[in-house]
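Note sheet for the following structure.
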Amino acid sequence: SSVNKPKLSECTFWYLSGIIVANSSTTDLSPFTSFVSVNNTLYVADQTTKTIHVWPEKSENPTKTIYSSFNFSTGFFVTLTGDIYIDNGNRSHISKWSLDKTSTNTTMYINRGCTSLFIHVDNTLYCSIRDGHQIVKISLDSKDSTWSNVAGMGCAGSTEDMLDQPFGIYVNDNYDLYVADTGNDRIQLFHHGESKGITVAGRTLGERFALDKPSSIMLDADNNLFIVDSGNQRIVRVGANGFRCLIGCSKNI
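With my numbering applied, the sequence shown covers 4 to 256.
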């Protein structure tokens with residue numbers, strides 16, 4: 004796998020109060036997105052200072068600060084080799100930063116910004132285009148600069164083959180695509196090669212599964228789905244044992 008997939012017990016629980024790793028009182032940090040690599044290194048992108056801070060596991064302070072020039076970015080991914088890919092928002096391109104180099108280089112151009120990035124282990128880059136209501140992909144190993152459509156019709160809609168302001172994306176080892184379909188308040192699963200998605204979380208499955216503007220998704224080693232349910236200010240898990248609220252839960256959930 005190209006991402007961190009922790010092995011978690013079904014009985015795992017989280018404390019109600021989180022531990023602050025860093026904030027504006029200890030650094031100049033104004034974070035807008037973060038990433039945890041396969042070796043548990045934390046990367047935090049700072050929109051204000053246009054920097055990326057790197058915290059190795061168990062480190063109290065960042066050991067590296069990368070100065071860049073990204074602008075209005077939310078798409079952010081770190082590969083197995085430590086290369087950082089970041090969307091440059093309204094500048095319509097994706098930049099790559101190698102940790103052993105001192106500058107970024109433009110990897111590819113795209114006519115709209117990528118709200119989220121995901122790089123599969125086969126070196127295929129996936130991009131969610133929120134305002135374009137679709138998910139596209141491109142091979143990083145190919146000289147062909149043509150993007151291929153994976154999901155969505157290019158306009159907003161709620162049918163099984165459409166998306167509305169997609170945000171977070173995740174691609175599993177079988178090339179199945181999970182999409183946080185934010186505008187439709189649901190999580191869609193597109194099996195490899197299929198243009199029609201299956202709702203795996205959302206109000207259409209019952210009130211208990213209702214979401215409000217889900218924005219980010221991840222899978223663990225057992226393929227449990229973790230969802231940042233932004234509108235409800237909580238994190239939930241969907242798996243073989245059903246739907247469970249983990250953090251930010253009210254007593255009636």
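Don't be surprised by glycine CBs; every beta carbon is placed ideally from N, CA and C.
*Of the choices Val153, Ser5, Cys14, whose alpha-carbon is the least far from that of Arg247?*
Cys14
**Prompt:** In chain order, what residues of the same chain lie with their CB nearer than 8 Å to the CB of Leu262, ignoring the 5 residues before and after it?
**Reply:** The structure shown does not extend to residue 262, since the chain is modelled only from 4 to 256, so the question has no answer here.
Next item on the list: Specify, as a first and last residue, the run of the beta strand (DSSP E) that Leu222 falls within.
Entry: 217–222
With DSSP run on the structure shown, which of helix, strand or coil describes Leu208? helix
Could you tell me the alpha carbon to alpha carbon distance between Lys10 and Thr54, rounded to whole angstroms?
31 Å
Q.
Counting C-beta neighbours from all protein chains within 10 Å, is the total for Lys61 16 or more, i.e. buried, or is it exposed?
A. exposed
Practice item. Per DSSP, which residues does Gln137 bridge with? Please list them. Key: Ile132
Neighbourhood of Lys67 by C-beta distance below 7 Å, restricted to the same chain and skipping five residues each side: Val57
- Item | Contacting residues, own chain, Cβ-Cβ under 6 Å from Thr44 (five flanking each side not counted) | Pro59
Run through the segment 157–181 for me and flag every whole alpha helix (DSSP H) of 4 or more residues, listed as ranges in chain order.
-> none
Rounded straight-line distance, which links the Cα of Ser5 to that of Thr207 = 31 Å
Notebook entry, point to check: Are at least three pairs of beta-carbons, each pair with one atom in the segment 80–98 and one in the segment 33–41, less than 8 Å apart?
Noted result: yes
Problem set entry | Residues of its chain near Asp215, where Cβ-Cβ distance is below 8 Å and the 5 sequence neighbours each way are ignored | Asp188, Asp232, Ser233, Gly234, Asn235
Suppose the cutoff is 7 Å on Cβ atoms and the five residues either side in sequence are ignored; what does the same chain contact list for Arg133 look like? Thr118, Gln168, Pro169, Phe170
_By the DSSP assignment, the beta strand (DSSP E) with Ala3 in it spans what residues?_
Coverage of the chain is limited to positions 4 through 256, which leaves residue 3 absent and any answer about it impossible.
Check the C-beta distance from Arg237 over to Ile220 and give it rounded, since I have them as a contact under 8 Å. Between Ile220 and Arg237 the Cβ distance is about 14 Å, and since that is not below 8 Å, they are no contact.
* Work out the CA separation of Ile113 and Thr51 for me, nearest whole Å. => 23 Å
Self-check item: Minimum Cβ-Cβ distance from Phe80 to chain C less than 8 Å
Solution: No chain C appears in this structure, which consists of one protein chain only.
**Prompt:** What are the start and end residues of the beta strand (DSSP E) that includes Pro34?
**Reply:** 34–39
Leu45 - partner residues in DSSP beta bridges | Val39, Trp58
8 Å CB neighbourhood of Ala224 in its chain, flanking five on each side removed | Lys8, Pro9, Lys10, Leu11
Pull the bridge partners of Leu120 from the DSSP assignment, please. Cys130
Discussion item. If you follow the beta strand (DSSP E) that Asp225 is in, where does it begin and where does it stop?
Written reply: From DSSP, Asp225 is part of no beta strand (DSSP E); its letter is neither H nor E.
_Restricting to Cα atoms, I'd like to know which of Ile22, Ile89, Ser253, Lys140 is closest to Val174._
Lys140
By the DSSP assignment, the beta strand (DSSP E) with Ile97 in it spans what residues? 96–100
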